[in-house]
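Chains as they are written, first to last, in the working numbering: chain A, 1 to 393; chain B, 1001 to 1135.
Backbone N, C-alpha and C define an ideal beta-carbon position, used for all residues, glycine too.
Keep in mind it's a predicted model, so treat the numbers as computed, not measured.
Beneath this line is the structure, given in structure tokens, with notes to follow.
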Amino acid sequence: MVDLRRAAAIVGVHEHITRYAPDKSELQIQAESIQKALEDAGLEKKDVDGLFCASMSVRSSGLNLADYLNLYPKMVDNTTVGGGSFEFHLSHALNAIHAGRINCAVITYATQARSGGVSVGTGGISRQGHPRLDPSPDSFEELYGLTTVGLYAMIAQRHMHLYGTTSEQLAEVAVTMRRHASMNPEALFRDPITVADVMRSPVVSTPLHRNDCCVITDGGGAVVVASPELARNCKQKPVWIIGAGEAVAHQGAGKRDLMYIAAKQSHVPAFEMAGVTQKDIDMAMIYDSFTITVIETLEDLGFCEKGEGGQFVLNGRIGLGGELPINTDGGGLSSNHPGMRGLFLLLEATRQLRGQFEGTERQVPDCKLALCHGTGGALGSRHSGGTVILARD
Amino acid sequence: MTTYNKPLPTINGETKTFWDMARRGTLLIQKCDSCNEFQWYPRGICANCWSSEIKWFPSTGRGTVWTYTITNQNRTLGFDTGPYVLALVELEEGVRMFTNIVECDPKDVSIGMAVEVTFQQATPQISVPFFKPAS
């Protein structure tokens, strides 16, 4: 394979601070984020020649977004594979920049899931009547009341059955994310919680409690990716992309072992490309739609053996100050989860690699290598996984 | 009899035989004539070898619960009135399908539990397969 290490860098980031924005449009949140991210990089509208985005709605497709921004990019990528789409976008931007087709890509996302009253996890297929189902697979699935929470809960149930994972171990993930959120002034929920608090929260779908589930927010952001030549002239120190891998996992005609998730496949090329191992990673951004997502992802990325994820997250190991701090912004479980969260993984990893929180407890000390893994879709039916490894100079 | 208010399948040429036989109380899965693999959900090609030599095959309708969840919260009409068991059942033929476990207390469901198919008539044309504890 062509050596793509350091073929492109993240040079600008912006996270829209909003968690509730009923008066804005998705396109407006994206536009504001792109402006700020370009400003962060020291670049301008005229520099952007690649537009990468995914959306919960067609309103924010690449076509509509280019129209709103009055941009004429050379490349538009609307890859939409659920919440982890943005790790795929970064992987594609790396290819496109290395090939010389573009020099500067913007990756962006926004939604108004909270102000729009979207029941992301428990809405099922519809709140008003039933839409026409596709003949397959919907007509063999949606008849039975699938919800996003339910599709992760089924995996949690079997994880407990096979490996003895406990609700307390799942809760530990939520508690750690909340501790991180308490250090993030923009996080939705910042008051510390205990394992007992999680266990007392209502059971949405056994064995998952409400606090095992991510929050629902509005929000958005943008990432600017540049060629090495352009990156050298940017305001910020470059955060290099040194590894990328993509995968999907599905039912495999009714026979695939659903306990192994897409991360099992996607991390292999990412680590191979980067030439590093799990032990070298200083911090990780692990898509935390649910507590079980974190445990399964840590296992299948190879940070621990299959079935040991429940033990791995104990004793502060995944907290700031631990062996592998994850989701130092508070994650989807406490900071924000505007329908899709993959973009925010890239934002926080970049902030950590820049040392942006130096002098505060939120900073991972001497952070040189970060891994982001986005999961989109549902573990119990079909999902995607995108792994990227980022490095500072 | 209470009105069936859960979602209904859309039936096309690819799936008509399945729903015709479901109405008669038979659960069909598919088997490839070329590579002999079973598959679920029904589709127009073999998911293994991509042959179009797909044949309908009557399942025994028996299996075990591979995993499940008792869902307390779903805003979808037909599922918004209380706990129900969403499950993946592994049929004796080796394929797993989504279903609900019915005719038992949700608290009595467990992984590995033996179950068998039962059909509920949703409309005069459509009967939907569910699973209940094996007799």
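Measuring alpha carbon to alpha carbon, tell me which of the options ends up nearest residue i.
i, options, result
"Ser1127 of chain B", "B:Ser1135, B:Val1117, B:Ala1134, B:Pro1133", "B:Val1117"
"Glu39 of chain A", "A:Tyr20, A:Val11, A:Leu230, A:Phe52", "A:Val11"
"Asn1072 of chain B", "A:Pro73, A:Arg362, A:His161, A:Leu208", "A:Leu208"
"Ala280 of chain A", "A:Phe344, A:Asp49, A:Cys367", "Note on identity: in this sequence residue 280 of chain A is Asp, with Ala being the wrong assignment. When each option's Cα is compared against that of Asp280 of chain A, the closest is A:Cys367."
"Lys264 of chain A", "A:Ala249, A:Met273, A:Gly254, A:Gly275", "A:Ala249"
"Arg1062 of chain B", "B:Cys1049, B:Thr1081, B:Leu1028", "B:Leu1028"
"Asp257 of chain A", "B:Pro1009, B:Ala1022, B:Gly1094", "B:Gly1094"
"His130 of chain A", "A:Pro137, A:Gly145, A:Gly116", "A:Gly145"
"Tyr72 of chain A", "A:Gly62, A:Thr80, A:Val81, A:Asn78", "A:Gly62"
"Pro137 of chain A", "B:Pro1009, B:Asn1005, B:Gln1030, B:Tyr1004", "B:Pro1009"
"Leu27 of chain A", "A:Arg210, A:Leu298, A:Cys53", "A:Cys53"
"Asp329 of chain A", "A:Ala41, A:Arg178, A:Met1", "A:Arg178"
"Ile389 of chain A", "A:Pro269, A:Glu296, A:Cys104, A:Asn70", "A:Pro269"
"Asp1080 of chain B", "A:Asn103, A:Leu230, A:Gly124", "A:Gly124"
"Met1113 of chain B", "A:His161, A:Asp191, A:Ala153, A:Thr375", "A:His161"
"Arg392 of chain A", "A:Pro228, A:Leu379, A:Arg317, A:Leu333", "A:Pro228"
"Ile1054 of chain B", "B:Val1065, B:Thr1060, B:Thr1064, B:Pro1042", "B:Pro1042"
"Leu43 of chain A", "A:Gly374, A:Asn78, A:Ala231, A:Leu333", "A:Ala231"
What number of angstroms, rounded off, separates the C-alpha of residue i from the C-alpha of residue j?
i, j, result
"Gly385 of chain A", "Pro1124 of chain B", "42 Å"
"Ile107 of chain A", "Ile1111 of chain B", "43 Å"
"Thr122 of chain A", "Leu151 of chain A", "11 Å"
"Leu51 of chain A", "Asp288 of chain A", "26 Å"
"Ile193 of chain A", "Asp212 of chain A", "12 Å"
"Phe86 of chain A", "Glu32 of chain A", "18 Å"
"Met75 of chain A", "Gly100 of chain A", "12 Å"
"Leu320 of chain A", "Glu1090 of chain B", "42 Å"
"Leu353 of chain A", "Ile17 of chain A", "20 Å"
"Phe1130 of chain B", "Val118 of chain A", "29 Å"
"Ala222 of chain A", "Lys46 of chain A", "16 Å"
"Asp197 of chain A", "Thr217 of chain A", "21 Å"
"Ile34 of chain A", "His14 of chain A", "7 Å"
"Val239 of chain A", "Ala1047 of chain B", "41 Å"
"Val1115 of chain B", "Ala1134 of chain B", "4 Å"
"Asn95 of chain A", "Pro1106 of chain B", "50 Å"
"Val81 of chain A", "Gln236 of chain A", "30 Å"
"Cys234 of chain A", "Glu361 of chain A", "28 Å"
"Arg132 of chain A", "Thr1076 of chain B", "13 Å"
"Leu158 of chain A", "His98 of chain A", "Before going further, note that residue 158 of chain A is Arg rather than Leu in the sequence given. Near 43 Å, if we compare the C-alpha coordinates of His98 of chain A and Arg158 of chain A."
"Ala1022 of chain B", "Ser201 of chain A", "41 Å"
"Leu69 of chain A", "Gly243 of chain A", "31 Å"
"Leu333 of chain A", "Gln363 of chain A", "19 Å"
Determine the burial state of residue i: buried for a count of at least 16 other Cβ atoms within 10 Å of its Cβ, exposed for fewer.
i, result
"Thr293 of chain A", "buried"
"Met409 of chain A", "Here chain A covers residues 1 to 393 and nothing more, so residue 409 of chain A does not appear."
"Ser1034 of chain B", "exposed"
"Thr1069 of chain B", "buried"
"Asn327 of chain A", "buried"
"Cys304 of chain A", "buried"
"Met1097 of chain B", "buried"
"Cys1049 of chain B", "exposed"
"Glu1103 of chain B", "exposed"
"Arg382 of chain A", "buried"
"Arg19 of chain A", "buried"
Who does residue i pair with in a DSSP beta bridge?
i, result
"Ser1127 of chain B", "B:Gln1121"
"Cys1032 of chain B", "B:Ile1054"
"Met285 of chain A", "A:Cys372"
"Lys1132 of chain B", "B:Glu1116"
"Glu1062 of chain B", "The sequence shown places Arg at residue 1062 of chain B, rather than the Glu named in the question. According to DSSP, Arg1062 of chain B bridges with B:Glu1116."
"His209 of chain A", "A:Val203"
"Gln112 of chain A", "A:Asp218"
"Cys53 of chain A", "A:Thr108"
"Val225 of chain A", "A:Ile10, A:Ala105"
Over what stretch of residues does the beta strand (DSSP E) that includes residue i continue unbroken?
i, result
"Asp67 of chain A", "Taken as a continuous stretch (DSSP letters only), Asp67 of chain A belongs to no beta strand (DSSP E), being part of the alpha helix (DSSP H) at 62-69."
"Leu1086 of chain B", "1084-1091"
"Arg317 of chain A", "Arg317 of chain A -> no beta strand (DSSP E), and no H or E assigned at all."
"Glu15 of chain A", "9-15"
"Asp77 of chain A", "75-77"
"Glu1037 of chain B", "Looking at the DSSP string, Glu1037 of chain B is not in any beta strand (DSSP E), and its letter there is neither H nor E."
"Glu246 of chain A", "239-249"
If you follow the alpha helix (DSSP H) that residue i is in, where does it begin and where does it stop?
i, result
"Tyr163 of chain A", "148-163"
"Ile292 of chain A", "291-300"
"Ile389 of chain A", "No alpha helix (DSSP H) holds Ile389 of chain A; the beta strand (DSSP E) holding it covers 383-391."
"Asn1100 of chain B", "Taken as a continuous stretch (DSSP letters only), Asn1100 of chain B belongs to no alpha helix (DSSP H), being part of the beta strand (DSSP E) at 1096-1101."
"Asp1020 of chain B", "1016-1023"
"Leu27 of chain A", "26-41"
"Glu168 of chain A", "167-181"
"Val268 of chain A", "263-274"
"Ile97 of chain A", "85-98"
Would the beta-carbon of residue i be found less than 6 Å away from any heavy atom of the ligand SAH?
i, result
"Pro137 of chain A", "The ligand SAH is absent from the structure shown, which contains no ligands of any kind."
Please list, in chain order, the chain D residues whose beta carbon lies closer than 8 Å to that of residue i.
i, result
"Val1128 of chain B", "Going by chain labels, chain D is absent from the structure shown, which instead holds the protein chains A and B."
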